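Enquirer: Dropping the structure in here first, questions after.
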Amino acid sequence: MMRRTIPMLILASAGLLLIVAKFSPFTVSWQETVLGWFNILAAVAFVLGAGNLLAVNLEQISSRRPGWAYAAITLFAFAVTLVVGMFKVGAVPNGMHPDIHLAGAHDVPQAPFGWIYDYMLVPLTSTMFAMLAFYVASAAFRAFRAKNIEAILLLGTAFIILLSQTAAGMFLTGWIPEDSVFSFLRLDVMKRGITEHIQTAGMRAITIGIALGVAATSLRLIFGIDKSYLSKT
Amino acid sequence: MTTKNTEQNPGGMRGFFVRLGGLDRRWIFLAMGLSIAVPILLKLRFPEVPGPMARATFEAIESLPNGSRVLLSFDFDPASKAELQPMANALVHHCASKGHKIVFMALWPLGKQMADQAIKEILLEYHGDKYEYGTDYVQLGFKAGNEGVIKVLTTNIAEAYPTDASGAAVSGLPLVADARDLGSFGLVSTISAGYPGAKEWVQYGRESMKPEARLTSGSTGVQASQLFPYYPAQLNGLLVAVKGAAEYETLVTEKYPVDRNSERLEQGRIRMGPQLVAHLLMIALIVLGNIAMIASRGSQGGAR
Amino acid sequence: MSDGSQAANQGGARPAKRPNTFLWIALAVFGIVGLSLNAFMRPEGMAKRLSVVTTVERVLVEEAPAALAPEGSQPAEAAAAPTATAKRKWVDPDDAGLAAGTLRRVEGVDPISWETRESIKPSEAELLAGEIKPGGPVRIEPSPIDSLGIWVAALLTLFILSFVYRDNPFYKVAESILIGVSAAYWMVVGFWSTIVPQLLGSLAPEVVRAYAMPSLPVSSTPGLDAALAFVPLLLGFMLLWRLAPKGGWISVWPIAFVIGTTAGIRLVGAIEADLMRQLVAAMKPLVVFENGVGAAGEAVRMFDFWGTVGSVVGVVGVLSVLTYFFFSVDHKGAVGKTARVGIWFLMISFGSAFGLTVMGRITLLLQRFEFLFTDWLNI
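Chains as they are written, first to last, in our numbering: chain A, -7 to 225; chain B, 44 to 347; chain C, 36 to 414.
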């Protein structure tokens, strides 16, 4: 009962309410309330994520598993950021309420929390993703091999897009007049043809397929056919 | 990272290409790094010819009556800032040059900081004399909930945002006090790096906007593919990657030039120069990879 | 020949020890000398930052008893705090109301003053220098804390980049910091932006107003709000129960709620925006005409060759790819051939997507180099 029936009822009523709200103006305020709860839970999920991190790293440190020193660094960075953020350490007072410390702004660069953002979080996240430029180059060299017709299509398209995206496209084919019969040989025209017609068609079919899948999955969940989430304990 | 070279090595050109197939990838990394670093130092710049998608985005904002209320959603974080902040800067400058009243918000936790930067470096820098907080622009900041936030905005903005980012009640901010829902905006624009972002705005926000209102998006290159089917019916404008940013910047600054710190509105174009060299390197790598494959076809094993 | 190449290959993969050590020492010496020259020999130096410091002062005022309601003077603030404290507010000492006598200082409350700092580059300071009057509330001074920040950011950037050579402790340190900082950052942002105003603000509005968000709007139904807020409070605690070693089933309730809500909104969104609107967008006339002008100036309809090709390609693409995704029928005969065409469409789509992705990734790396060159090295 507590483990199966009630969760299934919660799921079905939340889902049905939001579907009904689409068609009935009377349930709109219920929809707002339910979505308000949903949004709060999304924020609680951030707390859950932080808690998980804490648990994993504490466990690693206490059992002295290899790399526990890095776990300690993680925890230290976590603790410092959390403290300066939650207590708004060094926050700039709010002009309308300077007497209330917690009303101040803590995410400006002069406050420690903002400093951590500007000089630690930004360089770290952006460099982490920037590394992919190296791997995409390596992948182009190793994996992009014209082995069959499908691979040739993939490769040829990538070729045209890579050329047409930069000034190279204009250098190579910019001299072909745009209103001539041969304008389709211009790289920018080819790119437009590929993205606006072929790629759009391909992605449209994928979008339609996913939409059908999402609709089916949603209905299976709401009507209690798919119960796999119940075993997520 | 180790290379296996067990096949019998043919000599000459062919042998060279066969061995090339087993090249340590760190040489490729080095080439990539140099192909980006050197052009930055050389400050390569090329003219941009705006394409139809950038023009559509420009028109969507340009054709709104001056002083319209617009919503700019900053749905990205520092990881995609290089691609998207140039679009955001040009977009804010464009809206402000048209006198549009701007409401800023974010679906990503770090998006609020991205919007703060555009407010400080563009809005207050070039339009600070006519833009007053509360009446001309408002920073609502981040809310947790992804598409749940969009869905609440479609019926009741004050429910999702009882206060702005600084904690002031929205009922006291004239710009948003009488905006009940998404239908109150002439334009919604999302600068989007993924989930939640442009796709969710189309799926959950579009239908609740006025039919004549516009929805545009600036998108990372990675995410753009899944947005193409929505253009032009559901997304009225779409800026793709830094190329889209450079094209849109060109359109905006041609019509609304600025007199100081103009490089803040040239970031996209500045970043297009080194793209050329890096892209040519990518093409060269693909070609070399294939030559190496063909060269090693005769011999056993070959490149990984 | 073959022996030599093998040796060379092994050398590339795992270089012999001595040349490696030499290389590292050379690199380090070169780097240190270069950085020192850059930092100390050039007048502009490295990672130099200044701050624009503005002194802000606020005094607590109340409406002077004889004064009329201050008409339109601060409508935003008056409406923002319609509580008992609305009559008292903090304003700039130069506020027009104080001079006009409609407001007066509250006795016994000291003014509060603080400084706001904005970090700028030396080049930006030159632009600003003319606008700043000495002795005024704004001044420019060196900002060592921001210069330190640039150094920290540059080193962390280099630590992460060092991974392309090989995994190393510097990279691991930077990665560990990233994980810790971002988890805490997200939690703090979620707390202050959503949990405080939406959850605590409904449960205990007076407390939130007194200590954190003085302008939190006053609800017309505070009792109902508080009662309704117990639901997410309870669900939130149940969700956090996942961290406990026992009673895993407890967190299934909030998870069921989240899944149900997501399923409800996704169902509507997917059918409306993705299925129906996309099907409509795919149903276009196959043969396209465009309006032109004839020889005698009359309006004529002209056959648009490329427009027609585009339309046909669009429809064929959608149908063939959908056929490929349709697994209920064996991909044989006509179905198989159509599915094959579908694969070609997909391959072209992925090729194009790859091209766009490359551009995105390169831009990110580009921006990191820009940071190192301009903000840190100041080249």
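Glycine is no exception: its CB is placed at the ideal position from the N, C-alpha and C atoms. Treat the numbers as computed from the prediction; the structure is a model and nothing was measured.
1. Exposed or buried, what is A/L146 when buried is set at 16 or more other beta-carbons lying within 10 Å of its beta-carbon?
2. Considering only residues of the same chain and omitting the five flanking positions on each side of C/E79, which have a CB-CB separation below 8 Å?
3. Measure the C-alpha to C-alpha separation of C/A82 and C/L163 and round it to an integer number of angstroms.
4. Chain B partners of C/G132, CB-CB under 9 Å?
5. Checking 8 Å against the spacing of the C-beta atoms, do A/L124 and C/G390 come in under that value?
6. Which of the three DSSP states is assigned to B/I228 in this structure?
7. Can you give me the C-alpha to C-alpha distance between A/M88 and B/A212, rounded to a whole angstrom?
8. Roughly how many angstroms lie between the CA atoms of C/L85 and C/K168, to the nearest whole one?
9. I want to verify the contact list: residues of chain C whose CB lies under 9 Å from the CB of B/E190, in sequence order.
10. Examine chain B for any beta-carbon lying closer than 8 Å to the beta-carbon of A/F121, and answer yes or no.
11. Just to confirm before moving on: does the CB-CB distance between B/V295 and C/G395 stay below 8 Å?
12. Hey, could you find the ends of the alpha helix (DSSP H) C/S346 is sitting in?
13. So, is the C-beta of A/E51 closer than 8 Å to a C-beta in chain C?
14. For B/L183, which residues in the same chain have their Cβ closer than 7 Å to its Cβ, ignoring the five residues on either side in sequence?
15. Under three-state DSSP, which class holds A/W167?
16. For C/K124, go through chain A and note every residue whose CB falls closer than 9 Å to its CB, in chain order.
17. With distance defined between alpha-carbon atoms, name the residue in A/F215, A/S21, A/N44 nearest to A/F70.
18. Per DSSP, C/E97 forms a beta bridge with which residues?
19. Alpha carbon to alpha carbon, how far is C/T297 from A/D171?
20. Of all the CB atoms in chain A, is at least one closer than 8 Å to the CB of B/V92?
21. What are the partner residues of C/I212, as DSSP defines its beta bridges?
22. First and last residue of the alpha helix (DSSP H) that includes B/Q160?
23. Hey, could you find the ends of the alpha helix (DSSP H) A/R196 is sitting in?
24. Please list the partners that A/A95 has in chain C, where partner means a Cβ-to-Cβ separation under 7 Å.
25. Checking 8 Å against the spacing of the C-beta atoms, do B/L107 and A/F133 come in under that value?
26. Given this structure, state the Cα-to-Cα distance separating C/G132 from C/S250, to the nearest angstrom.
27. Just the Cα atoms here: how many angstroms apart are A/T187 and C/S384?
28. Mind checking if B/G280 is an interface residue toward chain C, Cβ cutoff 8 Å exclusive?
29. Give me the subset of the stretch 70 to 85 of chain A whose CB atoms are less than 7 Å from a CB atom of chain C, sorted by chain position.
30. Unbroken alpha helix (DSSP H) runs of length 4 or more, entirely within the stretch 276 to 301 of chain B: which are they?
31. Strictly below 7 Å CB to CB, what residues from chain C border B/Q318?
32. Let me make sure I understand the geometry here. Which of A/V81, A/L9, A/A6, A/F163 has the alpha-carbon closest to that of C/V223?
33. Suppose the cutoff is 6 Å on Cβ atoms and the five residues either side in sequence are ignored; what does the same chain contact list for C/G236 look like?
34. Below 9 Å on C-beta distance, what does C/A316 contact in chain B?
35. Starting from the C-beta of A/A64, find all residues in its chain whose C-beta is less than 7 Å away, skip the five residues before and the five after it, and write them out in chain order.
36. Using a Cβ-Cβ cutoff of 8 Å, what residues of the stretch 186 to 208 of chain C are near chain A? List them in chain order.
Expert: Let me lay it out:
1. Classification for A/L146: buried.
2. P157, N413
3. Their backbone Cα atoms lie some 19 Å apart in a straight line.
4. By Cβ distance, chain B contributes nothing, its closest Cβ being about 17 Å from C/G132, past 9 Å.
5. If you check the CB distance, A/L124 and C/G390 do not come in under 8 Å.
6. Residue 228 of chain B is actually Phe in this sequence, not Ile. If DSSP states are grouped into helix, strand and coil, B/F228 belongs with coil.
7. 12 Å
8. 17 Å
9. T297, I300, R301, G304
10. yes
11. no
12. 340 to 360
13. By this cut-off, A/E51 is not an interface position.
14. Cβ neighbours of B/L183 beyond the five flanking positions: V146, F147, M148, Y204, D207, A208.
15. Residue state, collapsed to three classes: coil.
16. M88, H89
17. If we check each option's Cα against that of A/F70, A/N44 comes out closest.
18. C/R123, C/R139
19. Roughly 49 Å separates the two Cα atoms.
20. At a cut-off of 8 Å, the C-beta of B/V92 has a neighbouring C-beta in chain A.
21. Beta-bridge pairing links C/I212 to no other residue.
22. 154 to 161
23. 192 to 214
24. A247, M248, P249
25. no
26. 21 Å
27. 8 Å
28. no
29. F70, T73, L74, G77, M78, V84, P85
30. Segments of the alpha helix (DSSP H) lying fully in the stretch 276 to 301 of chain B: 284 to 298.
31. M394, I397
32. For C/V223, the nearest C-alpha among the options comes from A/V81.
33. V243, L251
34. P272, Y273, A276, Q277
35. I53
36. V187, A188, A189, L191, T192, I195, L196, F198, V199, K207, V208
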